[in-house]
Amino acid sequence: MTEINVAGLVDPGRLSEMLDGLSETLELLAPFTADSVAAHTRISAADTKRIACELAKAPTAAVYGRIGTHTTEYGTLASWLVEVLNIITGNLDSVGGAMFPEPAFGPPTTGRTPGGRGFSTGRWVSRVSSHPEVRGELPVAALAEEIDTPGPGQVRGLLTSGGNPVRSCPNSERLNAAFSELDFMVSIDIYINETTRHADVILPSPSALAKPHFDFAFYGLSVRNIANYSPPLHDADDPSEPGMDEHEIFARLTLIASGLGAAADPEMMYSIMLQTVAERGGLNAEEEEAAARAASYTGVEAILDLMLRTGPYEDLDLAALLASPHGIDLGPLKPRLPELLRTASGRVEMAPLAITADLPRLLSFLEAVPDDRLLLVGRRHLRSNNSWMHNIGVLVKGKQRCTLQLNPVDASDLGILDGQDASLQTETGQVVALVEITDEVAIGTVSLPHGWGHNEPGAVGAIAAATPGVNSNLLTGDQFIDPLSGNARLNAIPVTVHAV
Numbered sequence: 001m002t003e004i005n006v007a008g009l010v011d012p013g014r015l016s017e018m019l020d021g022l023s024e025t026l027e028l029l030a031p032f033t034a035d036s037v038a039a040h041t042r043i044s045a046a047d048t049k050r051i052a053c054e055l056a057k058a059p060t061a062a063v064y065g066r067i068g069t070h071t072t073e074y075g076t077l078a079s080w081l082v083e084v085l086n087i088i089t090g091n092l093d094s095v096g097g098a099m100f101p102e103p104a105f106g107p108p109t110t111g112r113t114p115g116g117r118g119f120s121t122g123r124w125v126s127r128v129s130s131h132p133e134v135r136g137e138l139p140v141a142a143l144a145e146e147i148d149t150p151g152p153g154q155v156r157g158l159l160t161s162g163g164n165p166v167r168s169c170p171n172s173e174r175l176n177a178a179f180s181e182l183d184f185m186v187s188i189d190i191y192i193n194e195t196t197r198h199a200d201v202i203l204p205s206p207s208a209l210a211k212p213h214f215d216f217a218f219y220g221l222s223v224r225n226i227a228n229y230s231p232p233l234h235d236a237d238d239p240s241e242p243g244m245d246e247h248e249i250f251a252r253l254t255l256i257a258s259g260l261g262a263a264a265d266p267e268m269m270y271s272i273m274l275q276t277v278a279e280r281g282g283l284n285a286e287e288e289e290a291a292a293r294a295a296s297y298t299g300v301e302a303i304l305d306l307m308l309r310t311g312p313y314e315d316l317d318l319a320a321l322l323a324s325p326h327g328i329d330l331g332p333l334k335p336r337l338p339e340l341l342r343t344a345s346g347r348v349e350m351a352p353l354a355i356t357a358d359l360p361r362l363l364s365f366l367e368a369v370p371d372d373r374l375l376l377v378g379r380r381h382l383r384s385n386n387s388w389m390h391n392i393g394v395l396v397k398g399k400q401r402c403t404l405q406l407n408p409v410d411a412s413d414l415g416i417l418d419g420q421d422a423s424l425q426t427e428t429g430q431v432v433a434l435v436e437i438t439d440e441v442a443i444g445t446v447s448l449p450h451g452w453g454h455n456e457p458g459a460v461g462a463i464a465a466a467t468p469g470v471n472s473n474l475l476t477g478d479q480f481i482d483p484l485s486g487n488a489r490l491n492a493i494p495v496t497v498h499a500v
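The sequence shown begins at 1 in full-length UniProt numbering and counts up one residue at a time.
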């Protein structure tokens with residue numbers, strides 16, 4: 001940002017008239033020059049300046065950051081800086097740049113007056129370490145201490161769904177021990193894994209063949225507006241299926257937690273949700289329920305149908321999606337600012353105090369002498385997803401994938417050979433991993449995928465247990481988080497590496 005500003009290349013384009021805090025942002029970022037970050041990034045100042053100018057002068061461009069940049073101690077700052085870059089180069093909400101999709105199920109925003117309640121955090125804090133809530137959530141890094149620290153409000157029960165936090169969360173050894181102390185735990189899962197082995201009750205869900213599917217999550221991230229609905233191929237109570245769908249499980253658990261008992265009809269929950277969507281869209285809930293019954297829609301189908309009909313696309317409903325099994329193209333992304341803005345001012349607020357107040361911490365880090373330890377980052381593979389899929393033979397066969405990737409220069413300095421075992425150690429723990437020497441990782445960086453190491457007693461999965469791998473989250477500490485978002489530090493972890 002600073003190099004673009006110094007070169008006189010700042011040009012937000014049509015967003016210029018709706019920005020607040022541009023000058024303040026550029027002033028706050030002035031100390032962060034290409035020279036000041038070169039030692040830490042290991043990218044020469046000349047290269048940084050060249051990239052900055054090329055980005056600013058490109059007719060179209062988009063800067064993108066996600067899991068890798070967000071799961072660090074500076075995750076929120078990194079995310080904010082990505083958007084600042086897109087803004088000052090004229091690439092935010094611009095065709096060919098970073099744009100906002102308009103999902104079929106959301107309320108219409110076209111023509112809406114910008115403005116709203118804004119965004120705030122810290123409406124309450126965690127019991128032990130006083131971490132502020134963010135969007136109603138607390139850091140998963142605080143879960144172990146909330147379980148193993150006695151006192152009023154101590155977590156004594158837990159519900160997990162399709163997850164394996166004992167492998168996917170920081171300081172997994174402590175979390176594993178904490179789960180064993182719970183009074184009661186329920187897991188919705190098809191596996192007995194490192195996490196669900198602690199559960200008192202495991203509720204299996206059916207396969208994807210027995211579930212309807214509408215991609216609520218990823219339509220909000222699409223590069224083109226589309227909609228597709230896949231009805232189940234057979235019933236959830238088919239003899240080949242293990243149990244009821246997740247939505248029914250959650251509906252029943254909610255009713256039980258509300259004191260209505262296990263015999264309560266889950267249709268009550270669907271009716272409540274349908275009424276909420278109907279009222280938001282200005283429709284009569286009773287009439288909508290009657291129409292859903294006439295169409296023979298299930299509870300969740302009725303809710304989806306109503307969300308589509310009250311969404312931004314005319315004549316789009318569940319019937320239209322059922323008649324188009326390959327989906328419906330709703331068109332390219334279009335500029336959506338300022339009508340999409342929900343800031344209190346109704347403008348793009350570039351320098352929110354909650355974020356800019358964290359810049360001195362980053363500046364202090366850059367001014368300090370760089371840690372001479374290697375930095376550990378994670379990685380993913382096409383045939384794996386976090387801790388999932390390791391018990392499916394066809395997906396784990398072949399060359400071992402849970403390896404410690406090490407740059408040839410670092411390997412030479414450490415006296416480590418390809419195919420040799422190496423020890424990694426942090427303040428939290430230690431693991432031994434098979435070394436893979438490759439120039440795909442930068443000098444000073446090592447990479448180890450997370451989610452592996454399926455060797456806990458009581459976990460059922462012969463293929464996963466027999467597949468080589470180590471648990472990288474034995475190395476991650478739960479004391480290191482991004483203070484703004486609460487995200488755990490799962491990347492850029494200083495580690496000591498030596499040959500075994």
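Quick reminder that beta carbons are idealized off the backbone N, C-alpha and C, glycines included.
Hey, how far is the Cα of Q430 from the Cα of V63? For the purposes of this step, residue 430 is taken as residue 430 along the sequence shown, with counting starting at 1. For the purposes of this step, residue 63 is taken as residue 63 along the sequence shown, with counting starting at 1. Spanning the two alpha carbons is a distance of roughly 35 Å.
Over what stretch of residues does the beta strand (DSSP E) that includes M273 continue unbroken? Within the sequence shown, numbered from 1, the residue matching residue 273 stands at position 273. Per DSSP, M273 belongs to no beta strand (DSSP E); it is in the alpha helix (DSSP H), 267-280.
What is the rounded straight-line gap between the Cα of G261 and the Cα of I355? Indexing the sequence shown from 1 puts residue 261 at position 261. Indexing the sequence shown from 1 puts residue 355 at position 355. In a straight line, the C-alpha of G261 is about 45 Å away from that of I355.
Going straight from the alpha carbon of I43 to that of T160, what length do you get? As a first step, residue 43 is located in the sequence shown; it is residue number 43 there, counting from the start. As a first step, residue 160 is located in the sequence shown; it is residue number 160 there, counting from the start. Cα to Cα, I43 sits roughly 42 Å from T160.
Backbone CA spacing between L255 and G299 [nearest angstrom]: What you label residue 255 is simply residue 255 of the sequence shown in a count that begins at 1. What you label residue 299 is simply residue 299 of the sequence shown in a count that begins at 1. Rounded to whole angstroms, L255 to G299 spans 15 Å at the Cα level.
By a C-beta neighbour count over all protein chains shown, 10 Å radius and 16 as the cutoff for buried, is N385 buried or exposed? In the sequence shown, the residue the question calls residue 385 occupies position 385. N385 comes out exposed.
Through-space distance from Q275 to N284, alpha-carbon basis: Translated into positions along the sequence shown, residue 284 becomes position 284. Translated into positions along the sequence shown, residue 275 becomes position 275. Taking the straight line from one Cα to the other gives about 8 Å.
Starting from H247, follow the alpha helix (DSSP H) in both directions and report where the run begins and ends. Here residue 247 is taken as the residue at index 247 of the sequence shown, counted from 1. 246-257 is the span of the alpha helix (DSSP H), which, as asked, contains H247.
Going by C-alpha to C-alpha distance, which of S387, L175, L253 sits closest to D478? Here residue 478 corresponds to residue number 478 of the sequence shown, with the count starting at 1. Of the candidates S387, L175, L253, the one whose C-alpha sits nearest the C-alpha of D478 is L175.
Below 7 Å between beta carbons: does that hold for residue 512 and T89? Residue 512 lies beyond the range of the chain shown here (1 to 500); nothing can be said about it.
Tell me, to the nearest whole angstrom, how far the beta carbon of E301 is from that of P212; I am working on the premise that it is less than 8 Å. Mapped onto the sequence shown, residue 301 falls at position 301. Mapped onto the sequence shown, residue 212 falls at position 212. Their Cβ separation, rounded to whole angstroms, is 7 Å, which keeps E301 and P212 in contact under 8 Å.
Starting from T160, follow the beta strand (DSSP E) in both directions and report where the run begins and ends. As a first step, residue 160 is located in the sequence shown; it is residue number 160 there, counting from the start. 157-161 is the span of the beta strand (DSSP E), which, as asked, contains T160.
So if DSSP puts Q479 in a beta bridge, which residue, or which two residues, is it bridged to? Numbered from 1 along the sequence shown, position 479 holds the residue referred to as residue 479. In DSSP, Q479 forms no bridge with anything.
Top-ranked residue by Cα proximity to F480, from H326, S472, R489: By one-based count along the sequence shown, residue 480 stands at place 480. It is R489.
Against chain D, with Cβ distances strictly below 7 Å, would H326 count as a contact? As a matter of chain content, chain D is missing from the structure shown, which is built from one protein chain.
For G311 and G346, what's the separation of their Cα atoms in angstroms? Locating residue 311 in the sequence shown gives position 311, counting from the first residue. Locating residue 346 in the sequence shown gives position 346, counting from the first residue. The straight-line gap from Cα to Cα measures roughly 22 Å.
Answer yes or no: the CB of V128 versus the heavy atoms of the ligand MG, is any distance below 6 Å? Ligands displayed in this structure: none; no statement on the ligand MG is therefore possible.
Using a Cβ-Cβ cut-off of 7 Å (strictly less than) and excluding sequence neighbours within five positions of P370, which residues of its own chain qualify? Looking up residue 370 in the sequence shown gives position 370. For P370, where only same-chain residues beyond five positions count, the Cβ hits under 7 Å are A39, H40.
Where does P494 fall in DSSP's three states? Counted from its first residue, the sequence shown places residue 494 at position 494. P494 falls in the strand class under three-state DSSP.
Every unbroken alpha helix (DSSP H) inside the stretch 371-423 [4 residues or more]: 393-396, 408-414
Please give the ranges of any alpha helix (DSSP H) in the UniProt domain "Molybdopterin oxidoreductase" (98-205), keeping only runs that are unbroken, at least 4 residues long and fully inside the region. 143-148, 165-168, 172-179
In angstroms, rounded to a whole number, what distance separates the CA positions of P170 and M185? Working through the sequence shown from its first residue, we reach residue 170 at position 170. Working through the sequence shown from its first residue, we reach residue 185 at position 185. Near 20 Å, if we compare the C-alpha coordinates of M185 and P170.
On the DSSP bridge assignment, give the partners of S472 in chain order. The residue labelled residue 472 in the question sits at position 472 within the sequence shown. Partner(s): none; S472 has no beta bridge.
Measure the Cβ-Cβ separation of A78 and G68 and say whether it is below 7 Å. As a working note, residue 78 is residue 78 in the sequence shown. As a working note, residue 68 is residue 68 in the sequence shown. For A78 and G68, no; Cβs fall outside 7 Å.
If you compare alpha carbons, which of L333, R280, G398, Y229 is closest to H326? Within the sequence shown, the letter at position 326 stands for residue 326. Considering only alpha carbons, the answer is Y229.
Considering L434, what are the terminal residues of the beta strand (DSSP E) in which it resides? Residue mapping note: residue 434 aligns to position 434 of the sequence shown, counting from 1. Note, L434: beta strand (DSSP E), 430-437.
Counterpart residues of S230 in DSSP-defined beta bridges: Numbered from 1 along the sequence shown, position 230 holds the residue referred to as residue 230. Paired residues: H213.
Please work out which residues of its chain come closer than 6 Å, Cβ to Cβ, to G75, disregarding the five sequence neighbours upstream and downstream, and give them in chain order. By 1-based counting over the sequence shown, the position of residue 75 is 75. Correct list, in chain order: D482, S485, N487.
Quick one: what does DSSP say T310 is sitting in, helix, strand or coil? Taking the first residue of the sequence shown as 1, we reach residue 310 at position 310. Reduced to three states, the DSSP call for T310 is coil.
Assuming L318 and D329 form a contact by the criterion Cβ under 8 Å, report the distance between their Cβ atoms to the nearest whole angstrom. For this step, residue 318 is matched to residue 318 along the sequence shown. For this step, residue 329 is matched to residue 329 along the sequence shown. 17 Å between Cβ atoms; not a contact.
Beta-carbon separation of Q420 and S447 under 7 Å? Residue mapping note: residue 420 aligns to position 420 of the sequence shown, counting from 1. Residue mapping note: residue 447 aligns to position 447 of the sequence shown, counting from 1. No, they are not a contact pair.
From the DSSP output, which residues share a beta bridge with V348? For the purposes of this step, residue 348 is taken as residue 348 along the sequence shown, with counting starting at 1. In the DSSP output, where bridge partners are listed per residue, V348 has L19.
Below 8 Å on the Cβ atoms is my contact criterion, and I expect S222 with P101 to pass it. Report the Cβ-Cβ distance as a whole number of Å. Locating residue 222 in the sequence shown gives position 222, where the first residue counts as 1. Locating residue 101 in the sequence shown gives position 101, where the first residue counts as 1. Contact flag correct, Cβ pair sits at about 5 Å.
Taking the C-alpha atoms as reference points, what is the distance between A295 and E286? Residue mapping note: residue 295 aligns to position 295 of the sequence shown, counting from 1. Residue mapping note: residue 286 aligns to position 286 of the sequence shown, counting from 1. Taking the straight line from one Cα to the other gives about 14 Å.
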